[in-house]
Amino acid sequence: MDTFQNYIDKLNSLHFKNMYNGDFFLTWEKTYEELEAVFTVADALRFLRERNISTKVFESGLGISLFRDNSTRTRFSFSSACNLLGLEVQNLDEGKSQVAHGETVRETANMISFMADVIGIRDDMYIGKGNKYMHEVVDSVIQGKRDGILEQKPTLVNLQCDIDHPTQAMADMLHIIHEFGSIENLKGKKLAMTWAYSPSYGKPLSVPQGIIGLMTRFGMDVVLAHPEGYEVFPEVEAVAAANAAKSGGSFSKTNQMADAFRDADIVYPKSWAPFAAMEKRTELYGNGHMDGIKALEKELLAQNALYKDWTCTKELMASTRNGKALYMHCLPADISGISCKEGEVEASVFDRYRNLLYKEASFKPYVIAAMIFLAKFADPADVLKNLESKGTPRVFR
Amino acid sequence: MDTFQNYIDKLNSLHFKNMYNGDFFLTWEKTYEELEAVFTVADALRFLRERNISTKVFESGLGISLFRDNSTRTRFSFSSACNLLGLEVQNLDEGKSQVAHGETVRETANMISFMADVIGIRDDMYIGKGNKYMHEVVDSVIQGKRDGILEQKPTLVNLQCDIDHPTQAMADMLHIIHEFGSIENLKGKKLAMTWAYSPSYGKPLSVPQGIIGLMTRFGMDVVLAHPEGYEVFPEVEAVAAANAAKSGGSFSKTNQMADAFRDADIVYPKSWAPFAAMEKRTELYGNGHMDGIKALEKELLAQNALYKDWTCTKELMASTRNGKALYMHCLPADISGISCKEGEVEASVFDRYRNLLYKEASFKPYVIAAMIFLAKFADPADVLKNLESKGTPRVFR
Amino acid sequence: MDTFQNYIDKLNSLHFKNMYNGDFFLTWEKTYEELEAVFTVADALRFLRERNISTKVFESGLGISLFRDNSTRTRFSFSSACNLLGLEVQNLDEGKSQVAHGETVRETANMISFMADVIGIRDDMYIGKGNKYMHEVVDSVIQGKRDGILEQKPTLVNLQCDIDHPTQAMADMLHIIHEFGSIENLKGKKLAMTWAYSPSYGKPLSVPQGIIGLMTRFGMDVVLAHPEGYEVFPEVEAVAAANAAKSGGSFSKTNQMADAFRDADIVYPKSWAPFAAMEKRTELYGNGHMDGIKALEKELLAQNALYKDWTCTKELMASTRNGKALYMHCLPADISGISCKEGEVEASVFDRYRNLLYKEASFKPYVIAAMIFLAKFADPADVLKNLESKGTPRVFR
Chain A
6 MDTFQNYIDK LNSLHFKNMY NGDFFLTWEK TYEELEAVFT VADALRFLRE RNISTKVFES
66 GLGISLFRDN STRTRFSFSS ACNLLGLEVQ NLDEGKSQVA HGETVRETAN MISFMADVIG
126 IRDDMYIGKG NKYMHEVVDS VIQGKRDGIL EQKPTLVNLQ CDIDHPTQAM ADMLHIIHEF
186 GSIENLKGKK LAMTWAYSPS YGKPLSVPQG IIGLMTRFGM DVVLAHPEGY EVFPEVEAVA
246 AANAAKSGGS FSKTNQMADA FRDADIVYPK SWAPFAAMEK RTELYGNGHM DGIKALEKEL
306 LAQNALYKDW TCTKELMAST RNGKALYMHC LPADISGISC KEGEVEASVF DRYRNLLYKE
366 ASFKPYVIAA MIFLAKFADP ADVLKNLESK GTPRVFR
Chain B
6 MDTFQNYIDK LNSLHFKNMY NGDFFLTWEK TYEELEAVFT VADALRFLRE RNISTKVFES
66 GLGISLFRDN STRTRFSFSS ACNLLGLEVQ NLDEGKSQVA HGETVRETAN MISFMADVIG
126 IRDDMYIGKG NKYMHEVVDS VIQGKRDGIL EQKPTLVNLQ CDIDHPTQAM ADMLHIIHEF
186 GSIENLKGKK LAMTWAYSPS YGKPLSVPQG IIGLMTRFGM DVVLAHPEGY EVFPEVEAVA
246 AANAAKSGGS FSKTNQMADA FRDADIVYPK SWAPFAAMEK RTELYGNGHM DGIKALEKEL
306 LAQNALYKDW TCTKELMAST RNGKALYMHC LPADISGISC KEGEVEASVF DRYRNLLYKE
366 ASFKPYVIAA MIFLAKFADP ADVLKNLESK GTPRVFR
Chain C
6 MDTFQNYIDK LNSLHFKNMY NGDFFLTWEK TYEELEAVFT VADALRFLRE RNISTKVFES
66 GLGISLFRDN STRTRFSFSS ACNLLGLEVQ NLDEGKSQVA HGETVRETAN MISFMADVIG
126 IRDDMYIGKG NKYMHEVVDS VIQGKRDGIL EQKPTLVNLQ CDIDHPTQAM ADMLHIIHEF
186 GSIENLKGKK LAMTWAYSPS YGKPLSVPQG IIGLMTRFGM DVVLAHPEGY EVFPEVEAVA
246 AANAAKSGGS FSKTNQMADA FRDADIVYPK SWAPFAAMEK RTELYGNGHM DGIKALEKEL
306 LAQNALYKDW TCTKELMAST RNGKALYMHC LPADISGISC KEGEVEASVF DRYRNLLYKE
366 ASFKPYVIAA MIFLAKFADP ADVLKNLESK GTPRVFR
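Residue numbers (this note's numbering), protein chains in the order written: chain A, 6 to 402; chain B, 6 to 402; chain C, 6 to 402.
So this is what it looks like as structure tokens:
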């Protein structure tokens with residue numbers, strides 16, 4: 006879009022009023038127009054920042070971050086998004102093992118929310134837990150607001166759960182839109198979400214699930230490729246299939262990496278753990294069976310090692326559409342010969358796409374900020390317009 | 006109060022000029038009118054925030070937090086208060102064991118204070134140490150300001166010491182005022198501060214001490230109940246007795262929980278460690294006698310276990326005034342069958358008061374902010390008026 | 006300087022246009038006028054803050070801090086500087102052992118910089134590594150900006166590397182200027198940078214190197230004193246010698262503490278590790294030889310113990326110019342009988358200079374802020390003027 010007014014006009018053409026005062030759990034819980042609203046606001050915020058116009062809509066207020074895992078990237082994306090809007094980040098460290106429930110969640114959620122406008126949670130370690138926990142937090146603060154305890158209901162942003170990784174998938178999609186020129190141009194394009202070998206085991210399923218759950222909504226032919234035994238949640242596959250049917254695209258599966266890459270316009274090769282193994286791990290953790298976890302880990306590494314040939318080579322890349330598919334990754338990638346001996350991708354491929362990969366990542370802070378923005382304002386187009394006409398410089402001159 | 010002008014008028018009727026450039030150590034070091042000023046400013050700040058009016062009085066500046074213990078609640082309250090006023094929080098982690106003195110304190114206090122407007126300290130682990138440490142910090146920054154090292158003297162807020170927990174007690178009192186309609190309505194009301202069983206040992210005495218040291222100033226009949234051996238500091242009991250004499254209330258003690266609850270208007274059942282044991286622990290820590298500490302811990306747990314019947318049951322609650330006393334707790338509570346097998350309170354009682362408990366907690370950020378506000382402005386009523394008439398929205402629209 | 010206009014006039018008389026969009030690695034990479042610009046902006050920012058005028062030039066933006074060591078002082082100085090200008094600090098914890106290189110640095114540098122205006126790095130543990138790492142970070146973000154990944158190039162501030170400690174040396178120099186009245190008054194003054202005994206081993210060389218690399222530029226007679234075996238980097242000695250030749254001062258070395266102190270106007274007695282030993286340690290760490298490190302440590306402590314008489318006594322102080330040399334230290338000092346049995350300085354000497362030492366430290370936040378300021382604005386004099394005429398109060402009244 007060339008002018009700022011285009012973003013405003015676009016927003017005014019979309020229906021997304023249910024996002025106001027809402028939260029962001031899973032992309033497939035949002036309408037198509039709601040997703041478009043996120044992309045549009047993200048681009049509009051970036052447009053303003055690039056022109057040194059402040060997008061600080063909060064004079065004060067906290068953005069609470071709760072990470073069950075370390076995560077430099079997601080942490081910085083969330084902090085950046087909060088800072089962009091004027092919120093100060095306050096971390097709540099809960100530790101890895103302690104997955105609280107019931108009363109404890111309700112109490113903590115209220116205690117941290119007196120001045121909180123946003124809560125960002127990353128909780129992807131245990132199958133059946135992360136998303137559920139996020140819902141408990143949101144239910145608690147909705148009740149807190151209703152009961153007069155909280156003066157505002159903080160907005161939840163899912164920074165990665167056991168089911169979906171919506172800020173990643175949305176940032177990836179925004180990157181694709183920018184690379185292909187428009188959403189319309191994506192019709193009929195082939196996207197390969199494929200498993201790839203990594204020397205580590207147990208990487209979250211939320212990335213592949215997030216990708217197939219989102220990318221099937223834009224008329225693309227989405228192929229999910231993985232060795233036998235690396236299935237993702239069947240529920241998410243069902244979501245992908247339904248999405249594809251509705252969008253006029255397709256969703257298919259293969260156990261051959263080469264099939265997925267052939268004539269693909271976009272490839273996303275990435276390691277993840279088998280769903281069944283993750284369920285087992287969750288159970289073992291729940292029972293405190295540390296010996297069992299070690300045994301499982303060993304088993305998974307052995308299983309992994311059978312598929313070292315699942316790696317993104319330049320030969321595979323050559324088999325994509327005109328040999329020029331857009332290579333994507335959520336980073337950090339396991340690069341053969343660089344970050345590990347054998348990994349997800351050959352160094353020469355990674356190197357060729359490095360700039361594009363960094364650009365892909367650069368959309369995440371804006372996507373998070375847009376999710377917050379749409380939850381906080383009844384008329385976000387109007388607020389954006391006011392920001393632009395006010396024109397407060399981000400950096401004073 | 007119905008209108009904002011009421012807060013201004015109230016403030017203008019009070020004498021609190023000694024609070025300017027001051028600090029907040031213990032509630033009983035403050036005059037009655039100074040405490041009223043804190044309540045009034047806290048309510049006024051909340052009034053403005055509820056109406057989306059920014060109370061950011063600092064364009065820049067740091068709020069330093071120093072916690073010798075982990076504390077989600079107090080940490081978030083302090084962060085919220087700082088953020089509400091425009092200060093960025095910077096944590097100083099000193100660790101548990103290292104209780105610095107003399108030169109080290111003086112140096113550190115100056116080194117962290119070049120841009121500091123506030124220092125919040127929680128240091129409640131060692132008898133005879135926490136409050137003393139806070140005074141060393143304040144003496145150091147007063148001298149630093151006088152000697153031209155610091156451009157401003159940061160204000161100390163005692164976030165819990167070995168003697169008092171003033172931000173808790175003041176927030177509790179503000180909650181009581183709101184529940185009973187006014188300070189005047191508290192005359193003759195009975196408040197029971199009682200010990201209760203917890204499976205943990207060694208909880209700080211600063212909460213019961215803070216409660217009896219403050220609540221005796223408003224004409225209430227304050228009863229302190231605990232098993233023999235769970236005495237609090239005699240100096241604080243003396244403060245409570247003197248307060249009661251002056252305010253026209255009373256201060257009494259009992260070793261029967263039921264006595265305390267009978268016809269009480271307010272009950273505050275909570276575990277704490279015996280004073281004598283805490284003194285012993287401080288000495289053992291000082292000498293590095295870890296074996297001695299383990300032995301002491303064992304002894305205290307055994308002693309504790311004798312008093313499992315000191316728990317807030319629905320029968321006890323039924324014995325309070327009309328069976329409807331206000332149940333209070335600083336949270337988190339040890340709830341029988343929820344957070345522990347046997348604890349301070351029955352689940353059905355806790356459940357009935359949950360919303361009120363969360364509301365109680367919600368006053369703390371405002372109380373901390375009010376303490377800062379009163380220390381920073383010679384004419385706080387005027388500043389509040391300016392904030393209201395300026396009317397900068399907290400969230401831009 | 007008496008009036009604000011003096012700072013503006015001074016700045017307008019200096020050439021420093023290469024600082025715009027630049028970074029601050031080593032003082033000797035900067036021209037004399039560029040250093041003067043830093044001193045002038047630092048004083049001007051302090052002038053404004055002392056008059057309650059906000060110097061917040063960023064409405065939003067992040068200052069990233071990366072510390073390979075714990076460091077209360079430097080951390081607070083950096084946080085203070087960022088806060089003074091309106092940047093929120095976000096910490097990136099990389100841990101001690103992991104010295105990243107190549108791709109990893111390039112990726113991390115970009116991932117943390119989407120909203121970053123400043124990156125402050127302290128990385129002084131390994132010889133030949135810290136400064137190199139900083140350059141890798143800067144090269145990465147320059148490329149990131151050029152390739153359209155970053156919307157702004159963050160400015161690097163070297164918060165201590167293996168070679169120099171420019172924020173310390175510059176703050177020290179600003180302190181000296183204030184104490185002696187002007188840079189001009191320093192001509193012919195004698196400054197003694199001398200080794201002193203400390204019970205710890207392995208203190209960084211960057212302080213003495215920073216001092217001799219900077220102080221030789223102002224026409225002073227700089228003497229470096231240390232026992233044999235405690236040589237600093239030969240390259241930095243060469244820099245000091247060249248500086249002295251150019252500035253009309255001198256740079257000399259001695260193995261006698263008394264020689265250095267005799268008739269000195271300024272003394273800076275401080276422990277540091279032998280260069281050769283630090284090189285050996287870096288190699289041992291690189292190879293993971295923990296046993297070797299322990300052996301080296303033991304050897305260094307034994308070597309150290311030979312020079313316990315290298316301590317700043319009141320007798321030595323009496324031998325300085327009129328017995329009144331300015332005693333300096335970067336703090337914390339090892340004070341005999343206070344922080345250790347035998348250390349760098351006698352308690353009576355330290356005590357006499359305590360206020361001056363704290364003042365010395367107080368310049369660091371302003372020096373860091375000035376380095377940022379000069380990198381961010383093409384016409385900093387104009388921005389300062391605008392800040393003054395706008396006159397936004399730092400604390401609202």
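Just so you know, even glycine gets a beta-carbon here, dropped at the ideal spot from N, CA and C.
Going by the DSSP bridge assignment, what does residue i pair with across the sheet?
i: F72(C); result: R127(C)
i: M220(B); result: M220(B) is not bridged to any residue.
i: F29(B); result: V162(B)
i: T199(C); result: A230(C) and P274(C)
i: L331(B); result: I271(B)
i: T5(C); result: Here chain C comprises residues numbered 6 to 402, so residue 5(C) is not present and cannot be evaluated.
Near residue i, which residues of its chain fall below 8 Å by C-beta distance, leaving aside the five closest residues on each side in sequence?
i: A263(C); result: L321 and S324
i: I147(C); result: K158
i: T8(C); result: none
i: G253(C); result: K192 and G224
Quick one: is residue i buried, meaning 16 or more other Cβ sit within 10 Å of its Cβ, or exposed?
i: N163(B); result: buried
i: Q10(C); result: exposed
i: L5(C); result: Residue 5(C) cannot be examined here, being either before or after the span of chain C that is shown, 6 to 402.
i: A281(C); result: exposed
i: H20(B); result: exposed
i: P239(A); result: exposed
Roughly how many angstroms lie between the CA atoms of residue i and residue j, to the nearest whole one?
i: N23(C); j: A383(C); result: 9 Å
i: P398(B); j: A247(C); result: 58 Å
i: H183(C); j: Q95(A); result: 39 Å
i: D226(A); j: Q173(B); result: 59 Å
i: A375(C); j: A307(C); result: 42 Å
i: D167(B); j: S76(B); result: 15 Å
i: N327(A); j: Y358(A); result: 16 Å
i: P213(A); j: P213(C); result: 54 Å
i: K258(B); j: Y332(C); result: 59 Å
i: I69(C); j: V62(B); result: 26 Å
i: P274(B); j: L196(B); result: 11 Å
i: V237(C); j: L210(C); result: 7 Å
i: D128(A); j: T32(B); result: 42 Å
i: S59(C); j: R151(C); result: 33 Å
i: A249(A); j: I181(A); result: 18 Å
i: G135(B); j: M120(C); result: 40 Å
Might you give, ordered along the chain, the residues of its own chain that have their beta carbon closer than 7 Å to the beta carbon of residue i, omitting 5 neighbours on each side?
i: K285(B); result: L301
i: L289(A); result: G297, I298 and L301
i: P370(C); result: S82, S85, A86 and L89
i: S102(A); result: Note on S102(A): pLDDT 43, under 50, position unreliable in the model; no value is reported.
Quick one: which chain F residues come within Cβ less than 7 Å of residue i?
i: D152(B); result: Note that chain F does not occur in the displayed structure, where the protein chains are A, B and C.
With respect to 7 Å, is the separation between the Cβ of residue i and the closest non-hydrogen atom of the ligand ZN below this value?
i: G293(B); result: No copy of the ligand ZN occurs in the structure displayed, which carries no ligand at all.
Output needed for residue i: all residues of its chain with C-beta closer than 6 Å, excluding positions within five of it in sequence on either side, in chain order.
i: E39(C); result: F21 and M24
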